[in-house]
Structure formats: C-alpha cells, structure tokens
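Written out below as structure tokens is the structure these notes cover.
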Amino acid sequence: MSESQMLSNLRVPFGQRGSRLYAAKDVQRGLDCGCHCPKCGARLIANHPKIKRHYFSHHQAKDCPGGYETAIHLMAKQILLDYRWVRTPGKTVELIERHYSEIDELTDQVSYPERDLQLTEIVSEQKEERWRPDLTATLRNGATLFIEIKVTHGVHEEKMVDLDNLLEIDLSKVKASQLSDTEVFAEIVLRSAPRDWHRCSLYDNLERTETNRKRLRTRAEAQYQRWLEATKQERAMADEERRVAANRRQKAKADQKAKFHSRQLIKPLLEQAQKEQRDYLPLPSKGTPSDWRIEGEEVFAGHRSEWQGMIHRTFVYGRPINSVFSVNDVVRHVCANIPLAPAMAGLMKHRQILTAEELDTIRTPDDVIAKYLFLLGLSAYLQPGAHDGTYVVIDRDQNWDPSTILRRPRGSGY
Ligand SMILES: [Zn+2]
26 MSESQMLSNL RVPFGQRGSR LYAAKDVQRG LDCGCHCPKC GARLIANHPK IKRHYFSHHQ
86 AKDCPGGYET AIHLMAKQIL LDYRWVRTPG KTVELIERHY SEIDELTDQV SYPERDLQLT
146 EIVSEQKEER WRPDLTATLR NGATLFIEIK VTHGVHEEKM VDLDNLLEID LSKVKASQLS
206 DTEVFAEIVL RSAPRDWHRC SLYDNLERTE TNRKRLRTRA EAQYQRWLEA TKQERAMADE
266 ERRVAANRRQ KAKADQKAKF HSRQLIKPLL EQAQKEQRDY LPLPSKGTPS DWRIEGEEVF
326 AGHRSEWQGM IHRTFVYGRP INSVFSVNDV VRHVCANIPL APAMAGLMKH RQILTAEELD
386 TIRTPDDVIA KYLFLLGLSA YLQPGAHDGT YVVIDRDQNW DPSTILRRPR GSGY
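Counting the sequence shown from 1 gives a position; the numbering used here is that position plus 25.
Written out as structure tokens, the structure reads:
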C-alpha cells in the first residue's frame, strides 16, 4: 500500500465522541476535539486548514481499513435518527385481474410519485427475522419501513428478500467534498442520494389503488360475462346445427322411404305398360289422318281418334298457314285433355324416379305424339320448323316439298 493511500485511509470524515458523530469543522482543532475513530477507536486529530476543507486524521495508527466508509455509514444513520423523515422513491403498483383461466388477463398500473415520509419511531440495528436492517422505522399509518444504507461497492449482501417495505439509500457515489458539512450531507442522506425500493407494499391498498383495482375487476367481470354469453351462443349454435343435421338425416330417410314406396308402386305399372306395348303395331295405313295406328298408342286410354283428332283440330287445321308450334306444345295440350291408360298415368306421375333404362323399355305419350307429328310431316300436313322440335303449318296443296322431311326434328325419336 502506498503512502498516499495509507494517508487517505487514515483520513475519516466524521469523528465519534460519546455516542455521537461530528464533522471536523464542528469540533475544536487538533486532539482537543476529543474524538475517536468510529472504526478502530484510535484518537483523532481535527484538521482545520485555512483554505482546504476540514477533516479528521488518526493520531497514532498505522492503518485503518474501512474507517472512511464506517464513518459515513454511522453518520447517515445518525442523521435519519435525528431528522425522523426520509424521501422515498415513487412506486408503480401493477394490477392484474383475470376472472377465468380461459380469458386474457387485464392489467393496469397505478403510479405514485416520490414522497417524504414522517417516521414516528426509528431504531438502529433491530433484529427482524434473520436480518438486522440498518434502521427500522414506523410510519404514521403504523406500517414498518426498513432502511438500508449502502456505502461500499464491495460484495453485495444477499438482499433481505423477506422484508417488506425495504428502502435502500445509495451513498457509494458521495464525494469527499460533500462530507465536510453536516447540513449538506444530511440533505444528501434524507433527500437527494439515489434510493430504491427492494420491496414495497405501502401503496398496494391505498384508496387510488383500490379504486383502480375495483375498476379493473369490473372490467374483468364484464369480460367474463361476455365470454360466458359468447360460449352460450356458440353452444346454442352447435345445438341448432346438430338439430338441423338430424332433421336433414330424418328427411333423407323419409325421402328414401317414399322413393322406395314409389318404386314399389311403379314396378307393376312398368310391367303392365311393357306388356301392353310388347307387340308393335304396323305403320299407318293411308286414310284419314285422325285414325292412324301409331306404335305405342296404348299410352292413351281412349280410341286414337280422340287424341289424333284433337291434334288435327288444334294444331293443323285450327292454325293459320305458316304458324309454328313445338312438339312439347302438342304433348302438353294433349296430356292435359286426353286421359292416359291407367298404368301410363301412374308412371308419368312418378316419371322423375324412372331410370333412363326403364324409360327405354316403354313408349311414353311424348314418343307417340312425336311419332304421329313426324308421320303428319311425311304426309305433307306439316313441315319441320327452323328449330329442332318445331313444326310449321303448311298449305298442303301448294307448298309441300318432300325433301324437307329429311330434316328430322331432334328428340322426335324417329
Ligand atoms: Zn480508525
């Protein structure tokens, strides 16, 4: 250790007389100060240089490690014990509310500014659980405040994690020049030195905190109610979907059953129609065009002259020359006015459930009427129209051109 370091080690900012500490300027010069080193107990000399600041030095000591820091530490405690107030840092209380684990948590903060707290009682080095904080104070509301004074940068002691409302005042950056005047140092200790809460519950239950907590709780409750409502609606919708699906299944089953019954009904009708139409009749003889034998004419209940006569009256003679009609017009008109054979009437009622293969085994009214119209065309009563499935009424004597008959209406089946 160098001489200068030794010298500096042997300087102390405050001397102890009796149970109190003093600054060098507040005591008599030299050994008359009556002070001792608060660390090693050696007698101190109060130095009062004319220009430089005042200080203590050891009277007869080779070395006094830690004397400087000990003096600061003890003086800071003495100041707090004397003044009985301290500035505490601001504090932000974090609020968290959650009403149900499936809901996001809501957070809020309540911030309090730094403030000066009166200490109604304050004692030094009072054992608290397994700790011995530098100072233990009682606040006006009865709460306990622990104060730790940090002077050295040395090894940090384990934080006093068990202690609530623990305030640490950091004096490690205090300069030697700030120590010669007790008033200046007191200002630093009480108010301006950096300080921090290790733990602090002083603000947790203050009115403003409680008000915000209540508000947050109300929001969380509302959120929970909304969630509950949404969940209920979701469940209702799911129930409704299940109900609709069940109805659909039931209806499909009913349709299936109805279709099965219809098919049961159709089978004998189809067989009967097939039997009636088994032997096709020969092509038309010449003669009156309302009494031609047409393949499949058994589809109609009465005599062929009834439906053929109707077509003649309504679509051939009954219409002006050059008027156009379609095969479908004729089918609709005839079927609306001429009764079908009983088996055919049943089949046409359930036409949509007949398969294409089944339809191929019989002649329908459409087939028979199309065939009849085709034959009327061959015999020059009609002429195929410009569109498929249409015919034009012609003047048989003047306009008949047999070549046009080669244009067979599509869908006629012939
Ligand atoms: Zn000493």
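The C-beta atom is built at its ideal place from N, Cα and C for all residues, glycine as well.
This one's a predicted model, so the numbers in the text were calculated from it and none came from an experiment.
Grab the span of the alpha helix (DSSP H) containing residue i for me, first residue to last.
{"i": "Asn72", "result": "Run containing Asn72: none in the alpha helix (DSSP H); it sits in the beta strand (DSSP E), Leu69 to Asn72."}
{"i": "Gly402", "result": "Pro390 to Leu403"}
{"i": "Tyr406", "result": "Premise fails: Tyr406 is in no alpha helix (DSSP H) and is neither H nor E."}
{"i": "Leu253", "result": "Glu232 to Glu301"}
{"i": "Val52", "result": "Unbroken run through Val52: none, as it is neither H nor E."}
{"i": "Asp385", "result": "Ala381 to Asp385"}
Could you tell me which of the options sits nearest to residue i, measuring between CA atoms?
{"i": "Ile104", "options": "Ala283, Glu265 and Leu204", "result": "Leu204"}
{"i": "Ala411", "options": "Asn347, Ser149 and Cys360", "result": "Asn347"}
{"i": "Ala16", "options": "Arg109, Ala255 and Cys225", "result": "Since the first residue shown for the chain is 26 and the last is 439, residue 16 is missing from the structure and cannot be characterised."}
{"i": "Gly115", "options": "Lys175, Ser226 and His98", "result": "Ser226"}
{"i": "Val52", "options": "Gly334, Met335, Asn72 and Val418", "result": "Asn72"}
{"i": "Lys87", "options": "Cys62, Lys292, Pro367 and Lys284", "result": "Cys62"}
{"i": "Gln248", "options": "Ile394, Ser126 and Glu232", "result": "Ser126"}
{"i": "Ala101", "options": "Thr145, Ser217, Lys77 and Pro367", "result": "Ser217"}
{"i": "Phe81", "options": "Phe325, Ala49, Gln302 and Asp107", "result": "Ala49"}
{"i": "Thr169", "options": "Ser330, Asn190 and Asp221", "result": "Asn190"}
{"i": "Asp354", "options": "Pro314, Leu398, Tyr406 and Asn237", "result": "Leu398"}
{"i": "Arg7", "options": "Leu294, His375 and Thr207", "result": "There is simply no residue 7 to check, as the chain begins at 26 and stops at 439 in what is shown."}
{"i": "Asp107", "options": "Gly40, Leu215 and Ile97", "result": "Leu215"}
{"i": "Ser351", "options": "Pro138, Gly59, Asp391 and Met373", "result": "Asp391"}
{"i": "Lys64", "options": "Cys89, Arg45 and Gln250", "result": "Cys89"}
{"i": "Leu99", "options": "Val176, Leu131, Lys292 and Glu122", "result": "Val176"}
{"i": "Arg36", "options": "Ile97, Glu153, Gln377 and Trp252", "result": "Ile97"}
{"i": "Thr234", "options": "Met262, Glu119 and Gln297", "result": "Glu119"}
{"i": "Arg388", "options": "Met369, Ala405, Asp420 and Leu400", "result": "Met369"}
{"i": "Asp129", "options": "Arg251, Gly343, Lys198 and Ala263", "result": "Arg251"}
{"i": "Leu290", "options": "Gly371, Phe340, Leu192 and Gln302", "result": "Gly371"}
{"i": "Gly167", "options": "Lys152, Asn362, Lys300 and Ile147", "result": "Ile147"}
{"i": "Val324", "options": "Thr243, Arg54, Ile394 and Thr256", "result": "Ile394"}
{"i": "Asp229", "options": "Phe171, Lys239 and Arg338", "result": "Lys239"}
{"i": "Ile194", "options": "Arg140, Asp187, Asp221 and Leu188", "result": "Asp221"}
{"i": "Leu384", "options": "Trp156, Gln143 and Lys292", "result": "Lys292"}
Determine the burial state of residue i: buried for a count of at least 16 other Cβ atoms within 10 Å of its Cβ, exposed for fewer.
{"i": "Gly1", "result": "In the structure as shown, the chain starts at 26 and stops at 439, and residue 1 therefore has no counterpart that could be examined."}
{"i": "Pro38", "result": "buried"}
{"i": "Leu56", "result": "exposed"}
{"i": "Ala201", "result": "exposed"}
{"i": "Phe285", "result": "exposed"}
{"i": "Ala245", "result": "buried"}
{"i": "Gln408", "result": "buried"}
{"i": "Val349", "result": "exposed"}
{"i": "Thr117", "result": "exposed"}
{"i": "His83", "result": "buried"}
{"i": "Lys282", "result": "exposed"}
{"i": "Pro364", "result": "exposed"}
{"i": "Leu4", "result": "The requested residue 4 is not part of the displayed model; the chain covers only 26 to 439."}
{"i": "Lys396", "result": "buried"}
{"i": "Leu253", "result": "exposed"}
For the beta strand (DSSP E) containing residue i, name the first residue and the last one.
{"i": "Trp222", "result": "Arg220 to Arg224"}
{"i": "Asp195", "result": "Leu191 to Asp195"}
{"i": "Leu46", "result": "Arg45 to Ala48"}
{"i": "Thr207", "result": "Thr207 -> not in any beta strand (DSSP E); alpha helix (DSSP H) instead, spanning Thr207 to Glu212."}
{"i": "Leu170", "result": "Thr169 to Lys175"}
{"i": "Thr7", "result": "This structure gives no information on residue 7, because the portion of the chain shown stretches from 26 to 439."}
{"i": "Arg42", "result": "Phe39 to Arg42"}
{"i": "Ser82", "result": "Tyr80 to His83"}
At a cut-off of 6 Å, would you count residue i as near ligand 1, judging by its Cβ distance to the nearest heavy atom?
{"i": "Gly92", "result": "yes"}
{"i": "Lys64", "result": "yes"}
{"i": "Ala71", "result": "no"}
{"i": "Cys89", "result": "yes"}
{"i": "Ala201", "result": "no"}
{"i": "Ala168", "result": "no"}
{"i": "Ala49", "result": "no"}
{"i": "Ala96", "result": "no"}
{"i": "Ala162", "result": "no"}
{"i": "Ala211", "result": "no"}
{"i": "Ala67", "result": "yes"}
Taking only beta-carbon atoms, is residue i less than 7 Å away from chain D?
{"i": "Lys102", "result": "In the structure shown, chain D does not exist; there is a single protein chain."}
task: Entirely within the stretch 305 to 373 and at least 4 residues each: give me those alpha helix (DSSP H) ranges in chain order.
output: 329 to 336 and 352 to 362
field: 3-residue-minimum beta strand (DSSP E) runs that sit fully inside the stretch 92 to 159, ordered along the chain
entry: 110 to 113, 116 to 122, 131 to 137 and 140 to 149
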